[in-house]
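K.L.:
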Amino acid sequence: MEIVRSQRKSSFASSDIVVPTIPIYRSTPDLEVRLEEFELYAVQRLRVLHGISDGLSRGKKPDEIEKLVGDLWKVNMMHPDASEVVNKDIISHFVLRLVYCREEELRKWFLSMETTLFCYRLQLETAEAQRALWDEFGLPWKAVSIAEYESVKDKLNQVARSIGQSLSSADTIFYKVPFEEVPDLVAKRKVFVQKGIAYVATNQVISILMTQYRSHLSKALALTYRKWNSMIREQEKDRLTPVIEALSTSYLGPDYSQPREYAELSLKDIDQVAKRSFPLCMRHLFEKLREDHHLKHWRSYATGFISQVEVHKSSLGKDVPQFFIMGVGLKLDDALAFWKAEFSRKVGADRFDKEYAYSIRHNYGKEGKRTDYTPYSCQKIISSTPGVGDHHGCPYRHFSLENLRVALAKMGVGGRALEEVIDKTQNRHYQLACTLTFEAVHGASCDAGVNHPNQYYIDSKRIMESKNNSKSP
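Here the sequence shown is numbered in the numbering used here, starting from 6 and rising by one per residue.
#1: What are the partner residues of V182, as DSSP defines its beta bridges?
#2: In chain order, what residues of the same chain have a beta carbon less than 7 angstroms from the beta carbon of V278, not counting five sequence neighbours either side?
#3: So what does DSSP say about F123, is it helix, strand or coil?
#4: Counting along the chain, where does the alpha helix (DSSP H) carrying Y401 start and finish?
#5: Starting from D68, trace the alpha helix (DSSP H) in both directions and tell me its first and last residue.
#6: Excluding the 5 residues preceding and the 5 following D189 in the sequence, name in chain order all residues of the same chain whose CB lies nearer than 7 angstroms to its CB.
#7: Inspect the CB distances between the region 66 to 78 and the region 210 to 224 and report whether three or more fall short of 8 angstroms.
#8: Assuming the contact rule is C-beta atoms closer than 8 angstroms, C399 and Y435 should be a hit. Round their C-beta distance to whole Å, please.
#9: Taking Cβ to Cβ, would you say Y180 is nearer than 9 angstroms to V149?
#10: Hey, how far is the Cα of L51 from the Cα of A134?
#11: What are the uninterrupted segments assigned as alpha helix (DSSP H) that are 4 or more residues long and contained completely in the region 219 to 286, given in chain order?
#12: In the DSSP assignment, find the unbroken alpha helix (DSSP H) run with E130 in it and report its ends.
#13: Could you name the residues of the same chain whose beta carbon sits closer than 6 angstroms to that of F197, not counting the 5 residues immediately before and after it, in chain order?
#14: For a test of the three-state rule: what should DSSP assign to V196, helix, strand or coil?
#15: Select from H55, E110, G64, Y46 the residue whose C-alpha is nearest the C-alpha of M83.
#16: Going by other Cβ atoms of all chains shown within 10 Å of its Cβ, with 16 needed for buried, is T430 buried or exposed?
#17: For V248, which residues in the same chain have their Cβ closer than 6 angstroms to its Cβ, ignoring the five residues on either side in sequence?
#18: For A449, which of helix, strand or coil comes out of DSSP?
#19: On a Cα-Cα basis, can you pick out the residue from L36, I29, D59, K93 that is closest to C124?
#20: Between the region 452 to 467 and the region 411 to 421, do at least 3 Cβ pairs fall closer than 8 angstroms?
#21: With DSSP as the reference, label L144 as helix, strand or coil.
#22: Which residue or residues does DSSP assign as beta-bridge partners of L335?
#23: What distance in whole Å lies between the Cβ atoms of S405 and H397, which are believed to be in contact at a cut-off of 8 angstroms?
#24: Taking 9 angstroms as the cut-off, decide whether the C-beta atoms of M416 and L285 are in contact.
#25: When the Cβ atoms of the region 228 to 248 are set against those of the region 439 to 454, are three or more pairs found closer than 8 angstroms?
#26: If you measure from the CB of R63, is any heavy atom of the ligand NAP nearer than 8 angstroms?
#27: Quick check on DSSP: helix, strand or coil for E37?
#28: Considering only the alpha carbon of each residue, which of D338, A438, N474 lies closest to Y461?
#29: Would you grab the beta carbon distance between L257 and H403 for me? Rounded to a whole angstrom, and I think it's under 8 angstroms.
#30: Under the assumption that F343 contacts L272 (Cβ atoms under 8 angstroms), give the Cβ distance between them as a whole number of angstroms.
#31: According to the Cβ coordinates, are Q128 and E71 closer than 9 angstroms?
#32: So, is N81 buried or exposed, given that buried needs 16 or more other C-beta atoms within 10 angstroms?
#33: If we count the other Cβ atoms within 10 Å of its Cβ and call it buried at 16 or more, is Q240 buried or exposed?
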C-alpha cells in the first residue's frame, strides 16, 4: 500500500511524531506479524471503536466525539517505535476486518464505527493531505470553472446563508459531484443541487472522502467474508480461526475471575445484596432460582449460582462456564450451603451430595483441573441465545418490552428514566440501557458505561458504601 505522508503534526500522535496521512486500507499489507501482536493490536483498536460507539449512543456532540476519538487513539494506538505506528494502524484494521466480516450485524457495526473513526481523523488533516486522499481514491470530479462558478454564485450564497455561513475566498473552489455521493450534505441541505449535480466546496470535501471510504470498506468486507468462508477459516482452524472467532465478543476491561474490591458476600446478606446491587441479568436468574429452587442446565453455572450462559455442558466444548458470584466473593463453603439449601428441596440432600457437590468444588478450582473460571462479560451475555425455559441472556435484548418494563419497575426505574432505557433497548444499545438503569437506580453517573456484571456490582457497592458513610455521624 502506498502511504502519502503529511508534514502536519496530528493531534493523534505525540508532539514529536509526524504521522502519515490516513491509510485507506486498499490492499492487504505484506507484513510479518507475531501472533501476540495480531491479537493485541486488534484488541487495542477495538477499544477505540467501542469508545466511539458508546459516545455516539450516549448522544455526545461532534466536538465531544472529536476529543474522545483523539484521546482513545493516543491511549490505544500509539507504539513505542514511532516507525511502527502506521503498521499497527494497518494491521489492526485488517485483523478486525476478518473478525467483523463474518455476520451481517457485525459488518454493519464495524462499517459504521470505522467510517466514523476515518471521518474524525480526516478532520485533523491539512487540505493538502485531504487532496492526497482524493487522488488516492482516484476521484474523477473536476473543479468548477470560473465562468460556471459566477453563473451559480448567487445560489451558492443562498445555501451558505441558510446554514449560517458565508462564502469566503477559500470557498471559491467547488467540485461538481453526483448528489448521491454526498448524501449527508444533501440531507442537511448544505449543498446546492442542480440537475442531479451537487456543488461541493473545498471545505466539504471530507463528506466525499467519507462516502468513498465507506463504499470501499463495504465492498471489502463482502469480499473478505467470501474468502473467510471459502478458504481462511479452514486453513487457519488450528491457529488464527479461534482468535478471530473470539475477538468479536472480547471483553476489554478488568479481570473478574478473582474477587476484587467490595467483593465479600456472605450468605446471610445475599438476598438483600441481590435486590440492591445485582444487574438485571443476574437479579432475574437469582429470583428464578429462589422461585423454582432449581435452574435448567444448572451444571453450566453451579458454583456461581448465577451464570450468564444456561447451556448444556456438552455443548460448550472447550468453553468453560463463567460465573458472576465467584467474582463478587461468595466463598466455597457458602456456595455449597446455598446450593444445597435450594436444590435439596427438589432432589434431596443425599442426591445433592452425590451428584452436585463435586461440580461446585470443581468450578471453584478444588477438583479436576483445579481451574478458576472467569465471569462472562456483557458482550458474551448479549451474544448468547436462550432456549425455551432458559433464563440466561441479556434482559434488554431477550425480554419482551412489557416484561422489561415490569422488571425495571421492580428495580425502581420509572418515569423519564424508564422511557430512556426502553428507547435505548429498542435501538439495540443494550449496554447503554443497562448503564442508564444503573444511573436511575443509584442516582449517580456511570461515564465508563456498564461492560461487565461484576463491574455493575462493584460500582453499586461503592456507591452504597459511600452513601452509608455520609449518613454516619
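Ideal Cβ positions, reconstructed from N, Cα and C, are used throughout, including at glycine.
P.N.:
Working from what's here:
#1: Checking the DSSP bridge columns, you'll see V182 partnered with A203.
#2: L270, listed in sequence order.
#3: Helix at F123.
#4: First-last of the alpha helix (DSSP H) with Y401: 400 to 403.
#5: Note, D68: alpha helix (DSSP H), 67 to 82.
#6: Closer than 7 angstroms at Cβ, skipping near neighbours: S212.
#7: No, the region 66 to 78 does not touch the region 210 to 224.
#8: At roughly 5 angstroms, the Cβ-Cβ gap stays under 8 angstroms, so C399 and Y435 are in contact.
#9: Contact: yes.
#10: Linking L51 to A134 through their CA atoms gives a straight-line distance of about 26 angstroms.
#11: The region 219 to 286 contains these whole alpha helix (DSSP H) runs: 246 to 252, 275 to 282.
#12: Boundaries for E130: no alpha helix (DSSP H) harbours it, and the DSSP string shows neither H nor E there.
#13: Here the set comprises K160, L161, V164, Y204.
#14: Under the three-state reduction of DSSP, V196 is assigned to coil, being neither helix nor strand.
#15: Measuring C-alpha to C-alpha distances from M83 to each of H55, E110, G64, Y46 identifies Y46 as the nearest.
#16: Its Cβ being crowded by 16 or more others within 10 Å, T430 is buried.
#17: The beta carbon of V248 is closer than 6 angstroms to those of E44 in its chain, skipping five residues each way along the sequence.
#18: Per DSSP, reduced to three states, the secondary structure at A449 is coil, with no helix or strand assignment.
#19: The option with the nearest alpha carbon to C124 is I29.
#20: Verdict: no, contact absent.
#21: Looking at L144 - three-state DSSP - the assignment turns out to be coil, as it is neither helix nor strand.
#22: Beta-bridge annotation (DSSP): L335 is paired with L270.
#23: Not quite, the Cβ-Cβ distance comes to about 16 angstroms (not below 8 angstroms), so this is no contact.
#24: Taking 9 angstroms as the Cβ cut-off, M416 and L285 qualify as a contacting pair.
#25: As far as the Cβ criterion goes, the region 228 to 248 does not touch the region 439 to 454, which means the pair count is below three.
#26: What this structure holds is no ligand at all, so the ligand NAP is not there to describe.
#27: Coil, per DSSP.
#28: Distances from the alpha-carbon of Y461 to those of D338, A438, N474 put A438 closest.
#29: Going by Cβ atoms, the distance from L257 to H403 rounds to 23 angstroms, so no, they are not a contact pair.
#30: By a beta-carbon distance limit of 8 angstroms, F343 contacts L272. Their separation comes to about 6 angstroms.
#31: Yes, the pair counts as a contact, with Cβ atoms nearer than the cut-off.
#32: In the assembly as shown, N81 is a buried residue. Its beta-carbon has 16 or more other beta-carbons within 10 Å.
#33: Exposed: under 16 other Cβ atoms inside 10 Å.
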